[in-house]
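>
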Amino acid sequence: APRIIAMQHEASANDAKLKDEYHLREAIFLVLLSIFSSCEGLGPFTGAWLSANPIRTYDPQQIGLLYALEDGLKTAMLPATGRLVDWTHHKRVIFALGSLLVGLSVATTVFFPQYYWMLLFMKIPCAAGLNLVPLSLTALTLATTGDEHFTWQVSANKVGEHIGCVVNSLAIVYSAYHFSNSSGEALPLWSIVPLGASVVAAVCVRGIRADRIDHLRARGISESDDQADAQTCQGGFRNLLHRRRS
Numbered sequence: 079a080p081r082i083i084a085m086q087h088e089a090s091a092n093d094a095k096l097k098d099e100y101h102l103r104e105a106i107f108l109v110l111l112s113i114f115s116s117c118e119g120l121g122p123f124t125g126a127w128l129s130a131n132p133i134r135t136y137d138p139q140q141i142g143l144l145y146a147l148e149d150g151l152k153t154a155m156l157p158a159t160g161r162l163v164d165w166t167h168h169k170r171v172i173f174a175l176g177s178l179l180v181g182l183s184v185a186t187t188v189f190f191p192q193y194y195w196m197l198l199f200m201k202i203p204c205a206a207g208l209n210l211v212p213l214s215l216t217a218l219t220l221a222t223t224g225d226e227h228f229t230w231q232v233s234a235n236k237v238g239e240h241i242g243c244v245v246n247s248l249a250i251v252y253s254a255y256h257f258s259n260s261s262g263e264a265l266p267l268w269s270i271v272p273l274g275a276s277v278v279a280a281v282c283v284r285g286i287r288a289d290r291i292d293h294l295r296a297r298g299i300s301e302s303d304d305q306a307d308a309q310t311c312q313g314g315f316r317n318l319l320h321r322r323r324s
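According to this note's numbering, the sequence shown is numbered sequentially starting from 79.
1. Could you have a look at C117 and say whether DSSP puts it in helix, strand or coil?
2. Would you say H167 and H293 are within 7 Å of each other, going by their C-beta atoms?
3. Kindly indicate the opening and closing residues of the alpha helix (DSSP H) around M155.
4. Could you compute how far the alpha carbon of A205 sits from the alpha carbon of R287?
5. Are the CB atoms of G238 and I113 nearer to each other than 7 Å?
6. Can you list, in chain order, the residues of its chain with a C-beta nearer than 6 Å to that of A249? Leave out the 5 residues immediately preceding and following it.
7. In angstroms, rounded to a whole number, what distance separates the CA positions of C117 and I291?
8. For S214, count the other beta carbons within 10 Å of its own beta carbon; 16 or more makes it buried, fewer makes it exposed. Which is it?
9. Checking 7 Å against the spacing of the C-beta atoms, do A296 and S115 come in under that value?
10. Taking contact to mean at least 3 C-beta pairs separated by less than 8 Å, is the segment 173-193 in contact with the segment 124-138?
11. Cα-Cα, which of E104, L151 and V211 is closest to L162?
12. Look at the Cβ atom of L120, then the Cβ atom of V180, and state whether they are nearer than 7 Å.
13. Note down the Cα distance separating F228 from A154, rounded to an integer number of angstroms.
14. Which residue marks the beginning of the alpha helix (DSSP H) containing R295, and which one marks its end?
15. With DSSP as the reference, label T219 as helix, strand or coil.
16. Taking the CB atoms as reference points, tell me whether S253 and L267 lie closer together than 7 Å.
17. So L108 and L218 are in contact, right, with Cβ under 8 Å, and what is the actual spacing, rounded?
18. I need the straight-line Cα distance from P157 to Y194, nearest angstrom please.
19. Compute the Euclidean distance between the alpha carbons of I141 and H101, then round it to the nearest angstrom.
20. Quick check on Y252: does DSSP put it in helix, strand or coil?
21. Closer than 7 Å by C-beta to D149: which residues in its own chain qualify, once you throw out the five before and the five after it? Chain order, please.
22. Within the same chain, show all residues whose beta-carbon is closer than 6 Å to that of I241, passing over the 5 residues directly before and after it, in chain order.
23. Under a Cβ-count criterion, where at least 16 other Cβ atoms within 10 Å of its own Cβ denotes burial, should T222 be classed as buried or exposed?
24. If I'm right that V283 touches L111 with Cβ under 8 Å, what's the distance once you round it to whole angstroms?
25. Measuring only the C-alpha atoms, how far is S269 from N235?
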């Protein structure tokens, strides 16, 4: 009997250690995803490229229209993309899809700047991707992190975002200065940085295991909620209003 009890204690200790390892793995990949996702897109380099590229240069009014269209589409798509992330059980796929959409927009802007209508059209998938990536990353953080580690994980994700922004900016500037033609014009090789970040982020999301994702928790429904609440709450703002009324 004592031997059986000792074996049970050893099994419990191994299970606890395994859970910690699972949490550590998901925590590391969430930070990596934060780093790579913050490197996606061109950001302020969009205007710099469009106003100085050797194929076609744009005036400030045209560049401003592109920025305004992107911001407007992001705002208009936010409720629908948020509902999609709440509803789906394929949050890793949604994250990867968003990253690839942003990468596609970057490739279009860099390699086809002569087609203004194409740049305008590509703002639709770009806006969708720029919404899906942070929303799905937040959902994955909620779904894979316990209450005792959640604050730490969010802080680590934010540190990863800042690291990614700094590394991305330095890498693009370095590439633009060191990869240029004989006349001093920057070659589009610097676009490898955001394009590579999109692809790596889409691949790295598989590091978060599907069996570690709690989809109810990702929608803001804790394990202590009863089944009625789980069926009533739909996630997002509706879940928040339901909790405020109760």
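The beta-carbon is built from N, C-alpha and C at its ideal position, and this holds for glycine as well. Since the structure is predicted, the reported quantities are computational estimates derived from the model, not experimental observations.
Quick answer:
1. coil
2. yes
3. P138 to W165
4. Each residue's alpha carbon lies about 27 Å from the other.
5. With respect to the 7 Å criterion, G238 and I113 are classified as neighbours on the basis of their beta carbons.
6. V271
7. When rounded, the separation of the alpha-carbon atoms in C117 and I291 is 25 Å.
8. buried
9. no
10. yes
11. L162 has its Cα closest to that of V211, out of E104, L151 and V211.
12. No, they are not a contact pair.
13. 29 Å
14. Its alpha helix (DSSP H) spans residues H293 to A296.
15. Secondary structure at T219: helix, using DSSP grouped into helix, strand and coil.
16. Inclusion of S253 and L267 in the CB contact set at 7 Å is warranted, their separation being smaller than that value.
17. Contact annotation, L108 with L218: C-beta distance approximately 7 Å; criterion of less than 8 Å satisfied.
18. 28 Å
19. 44 Å
20. In the structure shown, Y252 sits in a helix (DSSP, three-state: H, G or I).
21. none
22. I113
23. buried
24. The distance from the Cβ of V283 to that of L111 is about 6 Å, consistent with a contact at the 8 Å cut-off.
25. Each residue's CA atom was taken as its position, placing S269 and N235 some 24 Å apart.
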